[in-house]
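Residue numbers for the sequence shown, in mature numbering (1 follows the signal peptide of the UniProt record, and there is no 0): -24 to -1, 1 to 414. Ideal Cβ positions, reconstructed from N, Cα and C, are used throughout, including at glycine.
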Amino acid sequence: MKKKSGLVVLSLMLVAVLMLSACGKSGGNGNSGTGATNNGAGEPTKEPSAEQVTVTLAGWGASPEEQDLLNQTLKEFEAKYPNIKVNYEVIADQYMDVIKTRLIGGEGPDVFYLDAFEAPGLIEHNVLEPLDQYVTPEFDVTDFEKPMLDAFKQEGVTYGFPKDFSTLAMFYNKKDFEEAGIAAPPTTWEELQAAAIKLTKKEGGKTVRFGFGVAPELARQMFMIQAFGGRVADENGNAAYASPEAVKGLQLVTDMHNVDKASGEPKEVGAGWGGEMFGQGKASIVFEGNWAIPFLESNYKDLDYGTAELPTVNGKQGTMAFTVAYVMNKQSKQKEAAWQLISYLTGKEGMKTWTSKGFALPTRKSVSQELGYDKDELRGAIVAGAAYATPWQAGATLPTIMNNFNNQFVDAFMGNSKLEDAMKKAQDVANKEIAAAK
């Protein structure tokens, strides 16, 4: 958690850098979208230039398979735009700290990954290039899943285009369901509760398999807070999850553990996360994302499981969405080339290559349909959730809000404190820290 002095210094340094950068310009970039043509694949481009330019791209590490796909996509881009060379750098550790430090020093990459969680903070610090001025109709912004695109907008201005995403879907063990006499995955929270009780298995008074595996953290529970009208943060950026509406949704989660004794978190059974808990047969149902599919295929090949959309809560369909965009450094000296890279990577052609193996899911509906993910036996439920998902984002103060929630909610989930008291404590401490950082 950052202290007040650190936030103030960061803000002042970013402002100073941007002011110096602005002094060297004349009239900004209002004309940067002029003279655009379409390359036939939906990526708007400038008229071809003979000048050789280099664009720097930064991202975090990935699996070897994902790295190969990105390298292939970049190779195809360079073949299409021979005047642009892409220098790609993997920042393996402390990615956002490194990016912020480089932006402060005026040495940030031209294009870089940005998680929706971090986007509001960088947008507020005015270090990202607005992208709407570069877009032509052929780029087809309407093709993006709306919640993913909106995660990188502020006051109607677009600062990034999402490269991939995942929602949470319900993973369920088909063998466990058959043995428990459950014919189909639950579609409401009440059905989930009943199924979890049936599926929970004890041996010698000890639970060896929970019906429902839960991650007691804000990133997985935000949609539960919203189910009855609650909010994670208010319009001033203060924590708001101690309201009766928020607590009502969270109570459903804690009651299944403390009253029904039908759910548990991974640590209770010696697992590191929900996918591992599920793969080991220690939970019959978990809420996980697309990342769990290759994990289960690699580590639990014989597991017979299915996926479904999350059950409705209070009659409302909901889930979480996790998405990452390509964004442009406002201080980039190669903005036209940087846009050509972004528009290719998030255009239909580049996105098709990047998501072709299913390690990541396309944020463009047309690409998802072309690759068959919307009808896929396992990924279809994840794709379906995109239309109504809540992106993992709630303003620039979310890191503080999240840390305090996670510290207190797990105690309430484990039955060590009353939920209302835990949420009030988390909210009060978070808001004191937010006020102190202003």
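I'd like the span of the alpha helix (DSSP H) that includes Phe53, first residue to last. Pro40 to Lys56
Assuming the contact rule is C-beta atoms closer than 8 Å, Gly225 and Phe204 should be a hit. Round their C-beta distance to whole Å, please. 5 Å
Can you find the residues in the same chain that come closer than 8 Å, C-beta to C-beta, to Glu167, ignoring five residues on each side of it along the sequence? Pro287
Using CA coordinates, which residue listed in Lys61, Phe93, Lys56 and Met124 is at the minimum distance from Ala365? Met124
Between which residues of its own chain and Leu98 is the CB-CB distance below 6 Å, once the five residues before and five after are set aside? Leu104
Is it the case that the Cβ atoms of Ala313 and Tyr135 are separated by a distance below 9 Å? No. Outside cutoff.
From the DSSP output, in three-state form, read off Asp140 for me. strand
Locate the beta strand (DSSP E) running through Arg185, then write down its first and last residues. Lys182 to Gly189
Once you ignore the five residues that flank Phe93 on each side, which residues in its own chain have a CB closer than 7 Å to its CB? Trp368, Gln369 and Leu374, listed in sequence order.
Pairs of beta-carbons, one from the region 345 to 356 and one from the region 54 to 69, closer than 8 Å: are there three or more? The region 345 to 356 makes no contact with the region 54 to 69; the number of CB pairs closer than 8 Å stays below 3.
Taking DSSP as the reference, what is the three-state secondary structure of Pro192? coil
Pairwise C-alpha distance: Pro192 and Phe153: 24 Å
Using a threshold of 9 Å, state whether the C-beta atoms of residue 420 and Ala268 are closer than that. This structure cannot settle anything about residue 420, because the visible part of the chain is limited to -24 through 414.
Could you compute how far the alpha carbon of Asn149 sits from the alpha carbon of Glu264? 13 Å
Quick check on DSSP: helix, strand or coil for Val103? coil
Under 8 Å, with one C-beta from each stretch per pair, do the region 225 to 235 and the region 193 to 201 reach the 3-pair mark? Three or more beta-carbon pairs separated by less than 8 Å link the region 225 to 235 to the region 193 to 201, which places the two stretches in contact.
Starting from Val229, trace the alpha helix (DSSP H) both ways and give me its first and last residue. Pro220 to Asn234
Suppose the cutoff is 8 Å on Cβ atoms and the five residues either side in sequence are ignored; what does the same chain contact list for Asp108 look like? Counting only Cβ-Cβ distances below 8 Å, and skipping sequence neighbours, we find Val133 and Thr134.
Work out the CA separation of Ala238 and Trp330 for me, nearest whole Å. Going by the C-alpha atoms only, they are around 40 Å apart.
In terms of alpha-carbon separation, which member of Gly294, Ser393 and Val235 lies closest to Ile173? Distances from the CA of Ile173 to each of Gly294, Ser393 and Val235 were compared; the closest alpha carbon is that of Val235.
Considering Ile377, what are the terminal residues of the alpha helix (DSSP H) in which it resides? Leu374 to Phe389
Got a sec? Which residues, its chain only, sit under 7 Å from Ile410 by beta carbon, not counting five neighbours each side? Correct list, in chain order: Gly213, Asn214, Thr373 and Thr376.
In angstroms with no decimal places, state the Cα-to-Cα distance between Gly18 and Phe128. Note on Gly18: pLDDT 47, under 50, position unreliable in the model; no value is reported.
Per DSSP, Tyr302 is paired with what? Tyr89 and Phe137
In its own chain, which residues sit with a C-beta less than 7 Å from the C-beta of Gly16, not counting the 5 before and 5 after it? With a pLDDT of only 39 at Gly16, under the threshold of 50, the placement of this residue in the model should not be trusted, and no figure is reported.
Using DSSP with H/G/I as helix, E/B as strand and the rest coil, what is Glu414? Checking the sequence shown, residue 414 turns out to be Lys, not Glu. Coil, per DSSP.
Would you list the residues sitting across from Asn149 in a DSSP beta bridge? Tyr281
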